[in-house]
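Chemist: Under the numbering used here, the sequence shown is numbered contiguously, ending at residue 150.
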Amino acid sequence: MQFSALVSFVSAIFALAIFTAVEAAPASTKVSAACLGFRITSPVASGLKWTYGQCYSVDWDLGASQVKTIKSVDLYSSSTKKKIATEKSNVAGTAGTSGNFPLLMGDDLESGNYYFQVNAVTASGATCTLSTVAFNVNVNPNSPPVTHC
């Protein structure tokens with residue numbers, strides 16, 4: 002009889018642990034239907050190594066989304082999640098790319114890991130936000146930034 006009581010006790014503890022884990026799980030982030038289909042197509046490979054001041058682009062596919070304008074392509078620090086710079090602003094969504102731009106970092110000239118956040122709006126005013134994979138940026142004083150791409 003003691004064995005069955007122990008099994009019941011362990012089962013109750015296990016059920017309580019599962020209930021607690023389910024209760025603690027964060028709610029899923031709800032994406033506007035107008036954003037569905039909007040995705041980043043580049044950069045998507047991990048392990049990229051880029052150089053400060055050289056020319057790069059961020060590319061996207063609108064898919065079936067209702068995205069009309071890319072309001073900004075912002076550079077963020079992976080470690081601090083701090084916005085470092087806005088690389089491009091107000092690009093037509095149909096362009097499919099931010100176009101080439103020199104990777105600039107404002108006053109935060111530090112080698113490290115970064116990512117882009119692409120902020121878009123739809124015709125109805127819904128906001129769509131995507132982030133790229135992280136990539137490594139090397140700040141090389143012997144490679145001065147280009148002025149245009």
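Cβ coordinates follow ideal geometry from the N, Cα and C atoms, glycine included.
Which word fits residue 32, buried or exposed, when buried means at least 16 other C-beta atoms lie within 10 angstroms of its C-beta?
Modeler: exposed
Chemist: Going by DSSP in three states, residue 135 sits in which element: helix, strand or coil?
Modeler: Of the three classes helix, strand and coil, the one that applies to residue 135 here is coil, per DSSP.
Chemist: Looking only at C-alpha atoms, which of 148, 138, 142 and 147 sits nearest to residue 79?
Modeler: 138
Chemist: Taking 6 Å as the limit between beta carbons, can you name the residues of its chain near residue 90, skipping five residues before and five after?
Modeler: 73
Chemist: For the beta strand (DSSP E) that contains residue 76, what are its first and last residues?
Modeler: 68 to 78
Chemist: When you compare only the Cα positions, how much space is there between residue 56 and residue 128?
Modeler: Those two C-alpha atoms are separated by around 27 Å.
Chemist: Buried or exposed: where does residue 59 fall if 16 or more other Cβ atoms within 10 Å of its Cβ makes it buried?
Modeler: buried
Chemist: Judging by CA-CA distance, which residue of 140, 149 and 134 is the nearest neighbour of residue 77?
Modeler: 134
Chemist: If you reduce the DSSP assignment to three classes, tell me which class residue 38 lands in.
Modeler: coil
Chemist: Among 38, 93, 100 and 49, whose alpha-carbon lies nearest the alpha-carbon of residue 116?
Modeler: Cα-wise, what sits closest to residue 116 is 49.
Chemist: May I ask you to list the residues that DSSP assigns as paired with residue 86?
Modeler: 76
Chemist: Nearest by alpha-carbon distance to residue 136: which of 70, 118 and 142 is it?
Modeler: 118
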